[in-house]
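Those sequence lines, one after another, are chains A, B and C. In the numbering used here, each residue carries its 1-based index in the first sequence increased by 3. Mapping to the numbering used here: the second sequence position 156 is 151, numbers consecutive. In the numbering used here, each residue carries its 1-based index in the third sequence increased by 91.
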Amino acid sequence: MEVADKTTFKWDSKIPTGPLTEKWKTHKNNVKLVNPSNKRKYNILVVGTGLAGASAAASLGELGYNVKAFCIQDSARRAHSIAAQGGINAAKNYQNDGDSIWRLFYDTIKGGDYRAREANVYRLAEVSNNIIDQCVAQGVPFAREYGGTLDNRSFGGAQVSRTFYARGQTGQQLLLGAYSALMKMVHSGKVEVRTREEMLDLVTVDGTAKGIISRNLVTGKIERHAADAVLLCTGGYGNVFYLSTNAKNSNVTAAWRCYRKGALFANPSFTQIHPTCIPVSGEYQSKLTLMSESLRNDGRVWVPKAQGDKRHPNEIPEEERDYYLERIYPSFGNLVPRDVASRNAKNVCDEGRGVGESGLAVYLDFADAIKRDGEKAIRDRYGNLFEMYQKITDENPYEVPMRIYPAVHYTMGGLWVDYNLMTTVPGLFALGEANFSDHGANRLGASALMQGLADGYFVIPYTIGNYLTEVTPGEVDTTHKAFDEAEQSITAEIEKVLNIKGSKTILDFHRQLGKIMWDKVGMSRDEQGLKEAIEEISALRKEFWSDVFVPGQPATYNKYLEYALRVADFLELGELMARDALDRPESCGGHFREESKTPEGEAKRDDENYTHVSAWEFTGVDKAPVHHREPLIFENVKLTQRSYK
Amino acid sequence: MSNKDIISVNLKVWRQDGPNDKGRFEDYSLKEVNTHMSFLEMLDVLNENLMKEQKQPVEFDHDCREGICGSCNLVINGIPHGPEARTAACQLHMRHFNDGDTITIEPWRATAFPVIKDLVVDRNAFDRIMAAGGYVTVATGNAPDANAIPISKIDADSAMDYAVCIGCGACVAACPNSSASLFTGAKVAQLSKLPQGAPERKQRVKAMVEQMDKEGFGDCSNFAECEAVCPVGISITSIATMRTEYVKAMFS
Amino acid sequence: MASFANALQSQVGRKILTGLTGIFLTLFLVAHLSGNLSLLIPDGGEAFNRYADFLHDLGPLLWIAEIILVALFLIHAYIGISIYRNKKKARPVDYKYYKSQGGPSKQNFASKSMLISGSVILLFVILHVMHFKYHLFSPETYMTSYNGEEMVDLARHVEVAFLNPWIVAAYSFVMILIGVHLKHGVWSAFISLGAKNPKITPVLYVVGGVVAVLLAAGFLLLPLYIYINGGLS
């Protein structure tokens, strides 16, 4: 594999000059435009049809480009954005509570623990309002007040009420809005959606993205698609932990193959662990289910004061309970940000005070809220969540406190992109959770949906033109030798994995990888653990390639073959995540290093040495990647230590 | 974990090698099924066992496993998504079965949903119905302020009741006639409640119904079986709404 | 107009037509029943015979009404059969095991047997018309006169027919089937015609059942009365 020479490697974040509030406006005025009659000559591939992908494909189709969109599901509507519950932020200030673009920007950059670019985050806040307008116009039935105007709710990390929502299914409704716009473009012939088709490689010619190799998941046929630009909208990689709140088919493969073709991977270790998930109930567990963060508005988190107290929660008297969040953080109490809540749950369980059969859970108790507001009020607020909890655990949360535990939820890291969302491979763009750009080291609630749609609807339609004006459309077609080579290597890889016929199942490896990741690259990390993780993952990878059993044939529908290729990539990604975590000895946001904490045990940043983005360059599977650093420059906000006491 | 949490079950699973294969049932038995497992986790265990014997695992569609993506499509003991009302197969847990039960698993059966392999079917017909008219035409960036048109809470809530459709196709699978009226009606009804959908509502209902016909779904006979199996409980009032919308469109 | 005709042939159009024709046929049954029940007035069948005579004297108007009625019937039956054929096409491979989820489902004996009950009713209607209009099974024509006005004694004709236990049995069986058909049919017609208020639809389901029971009971009353009573008076 060809690897760029690190000494000559050039990358530039392309942040426009001028004052923060003017950067995006100026940039939009300065980007080069593609003539309408020329747009139809350009082919664009959009990989993934979640919020970012569907909105980008629809918007680019409307502009007149030829778009092909790919999804691994049987319909574009099933992308995992659909599962987002809580809401989407926007700086509308409809509540007249003092919100503004500036405040949304500030909350997001602070929530990210000052590890994101000011310019990107400001642009995100700026276009947030257009997103709400667009979605309402599409027929998204957001919650409304009796007067007919839009309702808002509060969410963690903000002092204003700026979250728009559609019951507990905001992600679904926003995705269906974007999906309907996409299907309209399909109807008009400007976009072709290829369902059940998975990108397996990026095709580059002279270092520029010119197409992809994909596998038709129904027939197993390897397909070639040439294009003038490729948009990667493939979401996050939380499934590297095996158990996460991600959908079972969410994976890193497309992004990872781009990394292997020269795109830098930024901040891979920045993972968000969500504090309120239903705990693991047994070895067979296949995924974790999130309970909306909004539950912490009324629920009180506690564990018994004594270790190993196995009494029924309702039999533990008040004075023997430790409401630890209220005790440690008197001013924020149960509403501390996600990373803080998660870490504290882990601490009390590590002390042996966890509850439930596994001892890996804490109580989220609604008894006081029910006493105060009545069961009906609680049912109105959280009825559907309580129902879901009861379905899964067979326990009635109106009578017995919920058991919750943190789970991997979102990955802030992703492919490195510049201000135009272009990766270090010209012509390859990354949008939504697949890129690293806006959330720093920790994402605030209700910001993921905002970013996915901002990138797809309002950023890429402008910035892609700037790139395309410098490209001759249709320069490369699928007969180019780069396609031959890429296809051959994929075919060979599939043959190889199918022919190992080893003794362990793919799931065995994935579980084992997940355990290493959770124990050593999870909620809290230290140097020794990370070094061990690197060794163990590397060994596990070798074992995978010599002892895995993958059933079936290449040219058929074969879900376990898809799974095997994804786990193979996770086995490389996991190691990179550990390296990234190791090379950042500070604590920030979701990244907590045992070596870097305040005397009270809180996360301690090291702004002097680590105010930068870590971006990694691939040099070969068993070789150490090259570490690049993009300094983060804060001209508009002052870096402070977060405190929720 | 006590013994009562462990059951054994016999499975009759539909196996079909491809669209042209006739298909057959195969019997499996699983000992030591933890009742806290989800139904799909039970199938995971079955597949792990099969692969450890170097046999072909059972193919089935699944993704989010929290009842929202609409991927799972199992007819369990004769009922799409199984015996629990308002529960997608992925949210069904083994505690609803007894020790020694025989469980039959079949795919959605409809001409419009051809079987791809085993329990996996092709549901792209739904996408084509949506493409025919299940949208509001608004180019990106052309929207007025979100609060410019007030919508009564009642209408917004009612639109949401229809909008929660997860597109799983259980309505078609359960319908004795294999009708897609609940799916199509839900989208028509949602957009009929909102001012944003108004300018193209006539064209929409005609185009979507026409596409539904073309895809080879059967007629609706108001059995309401669709509503009974719908994991999100969409009411057949959506179908009635589609019909009134259709009549309005016919006379214009 | 072409598009209007096309629209009527779509799934939704067909369903609306089924509902409309069904409602009109049900109204016809109500009218028919009220005519029948006039036989129970203890006047030796005079009211009934006068009513029949009045209808008969309508001449061309009656023909038009009859043609409309036959058309309604044929459209209703034709669509019913085509729904069944589509159903077979839409699921050529059936489930090995199939069960209703219950709850809001309206799958029951009535709704599942619409085609069978409908077919029997169709056959019955042909025989019924042959019987009472064209005297197929009882060739003699009874005459009577009121105040010198000569007319067909249809009441006697009915009386004779319903003294035959076989006819009573067959007739009763079909009337029960009509009740079964209407139990799903009336409610279904409301939904087909756009009844969509979630508060009202459950009421309509009950209304459908009541209409079905009343009509079936009404039609059963006469033959059972005549047979058990040994005649009209």
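Each residue gets a CB set at the ideal place from its N, CA and C atoms; glycine is no exception.
- Neighbours of T292/C across chain B, judged by C-beta separation under 9 Å: S230, I231, T232, A235.
- Beta bridge pairing from DSSP links L235/A with V50/A, A433/A.
- For V306/A, DSSP records a beta bridge to D325/A.
- Using a CB distance cut-off of 8 Å, Y241/B counts as an interface residue toward chain C.
- Residue E101/B holds the alpha-carbon nearest to the alpha-carbon of A84/B among D96/B, D94/B, E101/B, D208/B.
- With a threshold of 8 Å between beta carbons, N252/A makes contact with chain B.
- DSSP places A154/B in the helix class (H, G or I) of the three-state scheme.
- Listed along chain B, the residues sitting closer than 7 Å to P195/C by beta-carbon distance are A219, E222, A223.
- Within chain C, A181 have C-beta atoms less than 8 Å from the C-beta of A107/B, given in sequence order.
- The straight-line gap separating the alpha-carbon atoms of S208/C and R196/B is approximately 38 Å.
- Around the C-beta of F73/A, 16 or more other C-beta atoms lie within 10 Å, and the residue is accordingly described as buried.
- The alpha-carbon separation between D353/A and V524/A amounts to approximately 16 Å.
- Interface residue (Cβ-Cβ distance to chain B less than 8 Å): Y186/C is classified as such.
- Between G455/A and A61/A a beta carbon distance of about 13 Å is seen, past the 8 Å cut, so the two are scored as non-contacting.
- Contact between the region 217 to 224 of chain A and the region 477 to 492 of chain A is absent, with fewer than three C-beta pairs closer than 8 Å.
- Under the Cβ distance rule, M205/C counts among the residues neighbouring chain B, one pair being separated by less than 8 Å.
- Around D397/A, the beta-carbon contacts reaching into chain B at under 9 Å are T30, H31, H88, R90.
- Near chain A, meaning a CB-to-CB distance below 7 Å, the residues of the region 137 to 161 of chain B are A138, P139, D140, A141, N142, P145, I146, S147, K148, A151, A154, M155, A158, V159.
- Beyond the five residues adjoining it in sequence on each side, S263/C comes within less than 8 Å, by CB distance, of L311, P314, L315 in the same chain, given in chain order.
- The beta carbons of R120/A and S440/A sit closer together than 8 Å.
- Assigned with DSSP and collapsed to three states, G214/A falls in strand.
- DSSP, read as helix, strand or coil, puts Y241/B in helix.
- Counting along the chain, D204/A sits inside the beta strand (DSSP E) bounded by residues 200 to 208.
- Measuring C-alpha to C-alpha distances from M580/A to each of S541/A, D100/A, A364/A identifies S541/A as the nearest.
- Residue-level contact check: I47/A does not touch chain B, since none of the beta carbons of chain B fall below 8 Å from its beta carbon.
- Between R80/A and chain B, the shortest Cβ-Cβ separation is below 8 Å.
- Proximity of R126/A to chain B, defined by a Cβ-Cβ separation below 8 Å, is not satisfied.
- When secondary structure is reduced to three states using DSSP, H412/A falls in the strand class.
- Chain-ordered, the chain B residues with CB closer than 7 Å to the CB of A286/C read A235.
- Across the structure, I134/A and A79/A are spaced so that their CA atoms are roughly 20 Å apart.
- Assigned with DSSP and collapsed to three states, L227/C falls in coil, not helix or strand.
- Scanning W9/B, F246/B, T30/B, E36/B for the CA closest to the CA of Y23/B turns up W9/B.
- Relative to the Cα of W259/A, the nearest Cα in the group W619/A, V640/A, R299/A belongs to W619/A.
- Using a Cβ-Cβ cut-off of 7 Å, N72/B is close to Y188, K190 of chain C, given in chain order.
- Put simply, the backbone Cα of S279/C is about 41 Å away from that of L293/A.
- At a C-beta separation below 7 Å, P52/B has these neighbours in chain A: P554, Y563.
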